[in-house]
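Data first, discussion second: the structure below is written as structure tokens.
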Amino acid sequence: MTKRVALLYGLMCLVLIVIGFLQSWNVAFGIFNLCLISAVMALGVNMQWGYAGLFNVGVMGFTALGGLTAVLVSMPPVGQAWSVAGGDIALSVLSLAGTIVAVIYARKVVPPVLKLPVTLVLMLAGYFVIGIFFGPATDAIESIDPALSGYLGGAGLPVVLAWPLAGLVAAGAGWLIGRIALGLRADYLAIATLGISEIIIAVIKYEEWLSRGVKNVTGIPRPVPYEVNLIESEWFINLANFFGAAELSDAASLFVKLCYAVLFVIVLAIIMWFAERALKSPWGRMMRAIRDNRDAAAAMGKDVKRRHLQTFVLGCAVCGIAGAMLTTLDGQLTPTSYIPLRYTFLIWVMVILGGSGNNWGAILGGFIIWFLWVEAEPFGNWFMATVTAPLGEDSGLADHLVSGAAYMRYLMMGAILLVVMRFAPKGLIPEQTGGSAASRSS
Amino acid sequence: MEILNALALFTNFVVVPATAYGAQLALGALGVTLIFGILRFANFAHGELMSFGTMITILVTWFLQNMGVSIAPFPTALLALPIGVLAAVSMALLMDRSVFRFYRKQRSNPIVFAIVSVGVMFLLAGIIRIVIGPADQSFADGERFIIGAFDSRRALGLDEGIAIKQSQVITVVVTAIVVAWLFWFLQKTRSGKAMRAYSDDEDLALLSGINPERVVMICWIIAAALATIAGTLYGLDKTYKPFIFLQILLPIFAATILGGIGQPIGAILGAFIVAFSEVVVTYAFKKFLAYLGPTDWAPDGLVQLLSTDYKFAVSFIILVAVLLIRPTGIIRGKVI
Chain P
901 MTKRVALLYG LMCLVLIVIG FLQSWNVAFG IFNLCLISAV MALGVNMQWG YAGLFNVGVM
961 GFTALGGLTA VLVSMPPVGQ AWSVAGGDIA LSVLSLAGTI VAVIYARKVV PPVLKLPVTL
1021 VLMLAGYFVI GIFFGPATDA IESIDPALSG YLGGAGLPVV LAWPLAGLVA AGAGWLIGRI
1081 ALGLRADYLA IATLGISEII IAVIKYEEWL SRGVKNVTGI PRPVPYEVNL IESEWFINLA
1141 NFFGAAELSD AASLFVKLCY AVLFVIVLAI IMWFAERALK SPWGRMMRAI RDNRDAAAAM
1201 GKDVKRRHLQ TFVLGCAVCG IAGAMLTTLD GQLTPTSYIP LRYTFLIWVM VILGGSGNNW
1261 GAILGGFIIW FLWVEAEPFG NWFMATVTAP LGEDSGLADH LVSGAAYMRY LMMGAILLVV
1321 MRFAPKGLIP EQTGGSAASR SS
Chain R
-9 MEILNALALF TNFVVVPATA YGAQLALGAL GVTLIFGILR FANFAHGELM SFGTMITILV
51 TWFLQNMGVS IAPFPTALLA LPIGVLAAVS MALLMDRSVF RFYRKQRSNP IVFAIVSVGV
111 MFLLAGIIRI VIGPADQSFA DGERFIIGAF DSRRALGLDE GIAIKQSQVI TVVVTAIVVA
171 WLFWFLQKTR SGKAMRAYSD DEDLALLSGI NPERVVMICW IIAAALATIA GTLYGLDKTY
231 KPFIFLQILL PIFAATILGG IGQPIGAILG AFIVAFSEVV VTYAFKKFLA YLGPTDWAPD
291 GLVQLLSTDY KFAVSFIILV AVLLIRPTGI IRGKVI
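If you read the sequences in order, they're chains P and R. Per this note's numbering, residue 901 is the first one in the first sequence, and the count goes up by one each step. Per this note's numbering, residue -9 is the first one in the second sequence, and the count goes up by one each step.
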């Protein structure tokens, strides 16, 4: 078992090293960093699917929430926007709080028959009251220097602080959706999470006062040095000379990638440590017991719904952290880039390929799938060029096929998922279970 | 007069588009609900199946347009539709044979089916994007409007006209025919009865000698055909964009659950409720209210409950409301 793990991890490292020699070390570490982030996401999904058998199709939404948190924490505040619209924003928040209090109070006082209509009326009234303050406030904010800011900005804190915060925000969202959809049949959770993730993306895309929407937030402050500063500082030039770097700018960007890699490895190691501890503890055994036979677990006095909510929230939190890390690495938030095939279903392929229920498997799956996803493009181009070569130079069909080659990656992911599900449903590194009797019931 | 104007305005911007949209959703939701009822899983590949059938229809349409074949004033796509349906049906049957049948034999958990359908979704998405590319495609031809806004304004003698696009009328007519046929099929024919029996109680159906493979095959054929028709009508009415078919999955699922899983009538009802709520909630009532109130009285804002950017939120809110209030749906469907 451990031999297999070591062998597979060794192979993965070897492939990355080969890429380093063949293409360049910058490419290899670029892939490595995103592999690390993918591994964190896969760990999050594995907590939900592998530990508890929950089908969350809203990974994208929690990732995006993490990204938004990174912006709100790290960007400098736009003082002008706050001074113009701060009052209105405060009033909107007050009326929102007032509405919530009124609804809660009314639900306690009125007789059960009237509960639903009274709640609806109060919510509608509150919606319009908030609108009175909120509308002008957003207009004012968005009209301030729209080309450069046009939003409230963030808190101006170090971006690394956003990572744990992103976990908290995503956990909150996960708690809300879990409260509603868990405990019903499994497909409902899938569809409900699909919905919530679309809504989260819509909010980030269209609420310009909050996130600049489709205008993107760029230039998020980095937790690591900037290349331009590096190539001017003496110690770095000495360091580069020591290693015999040919090009100083290449060395600088490699150094930056290394710094990120160190940060990400630390985060991954911390999450992995907790995840492994949890899985090997009585709690982990209880979760697997609930997953494999929820009726029996319920009969033993386990609160199935509560436990499900617990792992669901934990998994969402980890996805949120990964989202914040991703935005930090990119240095920008581009709401339009969040599409479910890339941010939800791809993560699923990672978990299933690696081995559901096994944290080492999830990380390995994250590495392999991200690597294939990136390298599928050159491979697809080569493949299409070879296949269409007999068609001749100026064939329209050949051009068309070559231009679509990038989408070979979708075909590849579909094929991997189907093949794994069919021939090795336990994945590359199967889950370790206590005894022979503990095999998966599904 | 003012009231009539307000009504005309409302019809033009809410009733007509929502009816067409509801009909498109209904065809999609019928397929999802049949698969839910017979095969017992949420088919995430349904949107891409729609997209695939529509893509073939578009390719054939382009071919026909190049050949100079046309059935003006109707869109050429109607002529190409049977081939698209055939292609989608073949694809669905191929996927069932090569992918889903194995898990049926294993009696796998519904979740396993759903995950496998994600794999199929990836495959289809890849094929579609390689063949036709990720961009917008237009393939509508023929007459655009049956009744133009100007003509109707004159005919009714109102300030507001009601414009009806040809694609909207075709959508409603085709949907009505298809749905009528489907209900006749499910109620009157032997195969249809077998399907309903299988959906209600699998073991009892097997006991009475119903061939499960045949039922499943018919289910896929109907679902794929409906999906292609829905996708083509949606493309004619709006535009064909490959990525839209992942987004349209949410309102379709919402309609299915709202109507009650495995209930065809419920799916249609659910689809129209979702479509009308989406359009009503995102419609700006400013002008409508201005007609109803006294002269020179108009609200300041747009009086729009939700900006159009959030129309997907509507299906989600409906979904959540159903889950909280009545998880079985309007017409009591399956629930586990």
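Backbone N, C-alpha and C define an ideal beta-carbon position, used for all residues, glycine too.
Distance, residue j Cα to residue i Cα
| i | j | result |
| --- | --- | --- |
| P/Asn1141 | P/Asn926 | 18 Å |
| P/Phe945 | P/Gly1072 | Here the sequence assigns Val to residue 945 of chain P, which means Phe is not the residue at that position. So the alpha carbons of these two residues sit roughly 16 Å apart. |
| P/Ala1337 | P/Gly1078 | For P/Ala1337, the predicted model reports a pLDDT of 37, less than 50, meaning its position is unreliable; a value from the coordinates is still stated below. Taking the straight line from one Cα to the other gives about 31 Å. |
| P/Leu1065 | P/Leu1168 | 16 Å |
| R/Ile101 | R/Phe129 | 37 Å |
| P/Met1200 | P/Ala1081 | 24 Å |
| R/Leu146 | R/Phe140 | 10 Å |
| P/Ala1305 | P/Met960 | 25 Å |
| R/Gly250 | R/Ala78 | 26 Å |
| R/Lys276 | R/Met85 | 49 Å |
| R/Ile122 | P/Val1009 | 59 Å |
| P/Trp949 | P/Leu1068 | 20 Å |
| R/Ile120 | P/Pro1011 | 59 Å |
| R/Glu150 | R/Thr1 | 10 Å |
| R/Leu114 | R/Ala35 | 8 Å |
| P/Val1060 | P/Leu996 | 30 Å |
| P/Asp1045 | P/Lys1115 | 13 Å |
| P/Ala1025 | R/Ile308 | 20 Å |
| R/Leu24 | R/Ser107 | 15 Å |
| P/Val1213 | P/Val918 | 39 Å |
| P/Gly1335 | P/Ala1198 | At P/Gly1335 the pLDDT is 47, less than 50, meaning the model places this residue with poor confidence; the figure from the coordinates comes in the next sentence. Spanning the two alpha carbons is a distance of roughly 21 Å. |
| P/Ser1339 | P/Tyr1005 | Caution is warranted here: a pLDDT of 43 is assigned to P/Ser1339, below 50, making its placement in the model unreliable, and no coordinate value can be reported. |
| P/Leu1094 | R/Ala214 | 23 Å |
| R/Val206 | P/Leu1084 | 26 Å |
Interface residues of chain R facing residue i [CB-CB closer than 8 Å]
| i | result |
| --- | --- |
| P/Gly1304 | Arg119, Ile120, Val121 and Gly123 |
| P/Ile1091 | Ala32, Leu240, Phe243, Ala244, Ile247 and Leu309 |
Chain P residues whose Cβ lies nearer than 7 Å to that of residue i
| i | result |
| --- | --- |
| R/Val59 | Within 7 Å Cβ-Cβ: nothing; R/Val59 doesn't reach chain P, min ~22 Å. |
| R/Leu314 | Ile1080 |
| R/Ala303 | Ile1099 and Ala1102 |
| R/Val89 | Leu1318 |
| R/Phe275 | Chain P residues near R/Phe275: none, gap ~13 Å exceeds 7 Å. |
| R/Phe92 | Arg1322 |
Contact list for residue i against chain R, beta-carbon separation under 7 Å
| i | result |
| --- | --- |
| P/Met960 | Here the premise fails: no neighbours, minimum Cβ distance about 11 Å. |
| P/Tyr951 | By Cβ distance, chain R contributes nothing, its closest Cβ being about 14 Å from P/Tyr951, past 7 Å. |
| P/Met947 | Per Cβ cutoff of 7 Å: no residues; P/Met947 is ~16 Å from chain R at best. |
| P/Pro977 | Here the premise fails: no neighbours, minimum Cβ distance about 26 Å. |
Contacts that residue i makes with chain P (C-beta to C-beta distance below 8 Å)
| i | result |
| --- | --- |
| R/Gln237 | Glu1098 |
| R/Ile105 | Phe955, Trp1248, Ile1252, Leu1317 and Met1321 |
| R/Asp299 | Ala1102, Lys1105 and Tyr1106 |
| R/Leu113 | Tyr1310, Leu1311, Gly1314, Ala1315 and Leu1318 |
Endpoints, alpha helix (DSSP H) assigned at residue i
| i | result |
| --- | --- |
| P/Ile1166 | Leu1148 to Lys1180 |
| R/Phe103 | Pro100 to Val121 |
| R/Lys301 | Lys301 to Ile315 |
| P/Met1284 | Asn1259 to Thr1288 |
| P/Ala1306 | No alpha helix (DSSP H) contains P/Ala1306, which DSSP labels as neither H nor E. |
| R/Val53 | The question names Val, but residue 53 of chain R is Phe in the sequence shown. Looking at the DSSP string, the run of the alpha helix (DSSP H) that includes R/Phe53 is His36 to Met57. |
| P/Glu1098 | Ala1086 to Tyr1106 |
| R/Lys95 | Arg91 to Gln96 |
Nearest-angstrom beta carbon gap, residue j and residue i [assumed within contact, 8 Å]
| i | j | result |
| --- | --- | --- |
| P/Gly1220 | P/Gly1261 | Not quite, the Cβ-Cβ distance comes to about 22 Å (not below 8 Å), so this is no contact. |
| P/Leu1253 | P/Ile1316 | 6 Å |
| R/Met327 | R/Thr161 | No answer is possible for residue 327 of chain R: it lies beyond the span of chain R, which begins at -9 and ends at 326. |
| P/Arg1206 | P/Met1186 | With a Cβ gap of about 11 Å, P/Arg1206 and P/Met1186 do not count as contacting. |
| R/Gly74 | R/Thr44 | 7 Å |
| P/Pro1235 | P/Ile1104 | 5 Å |
| R/Gln156 | R/Tyr230 | The pair is not a contact, with the Cβ atoms about 17 Å apart (cut-off 8 Å). |
| R/Phe90 | R/Phe103 | 7 Å |
Within chain R, the residues that residue i reaches when beta carbons sit closer than 9 Å
| i | result |
| --- | --- |
| P/Gly1095 | Leu240, Phe243, Ala244, Phe302, Ala303, Ser305, Phe306, Ile307, Leu309 and Val310 |
Endpoints, the beta strand (DSSP E) within which residue i is located
| i | result |
| --- | --- |
| R/Phe135 | Phe135 to Ile137 |
Closer than 8 Å: residue i CB and nearest the ligand NAP heavy atom
| i | result |
| --- | --- |
| P/Ala1224 | The model depicted lacks the ligand NAP and carries no ligand whatsoever. |
> Which whole runs of the alpha helix (DSSP H) in the segment 908 to 988 of chain P are 4 residues long or more, in chain order?
Replying inline: 925 to 946 and 959 to 974
> Fully enclosed by the segment 193 to 278 of chain R, which beta strand (DSSP E) runs are 3 residues long or longer?
Replying inline: none
> Which residue spans inside the segment 1016 to 1047 of chain P form an unbroken beta strand (DSSP E) run of at least 3?
Replying inline: none
>> Threshold first: 4 residues or longer. Then list the alpha helix (DSSP H) segments lying entirely within the segment 1209 to 1250 of chain P, N to C.
In response: none
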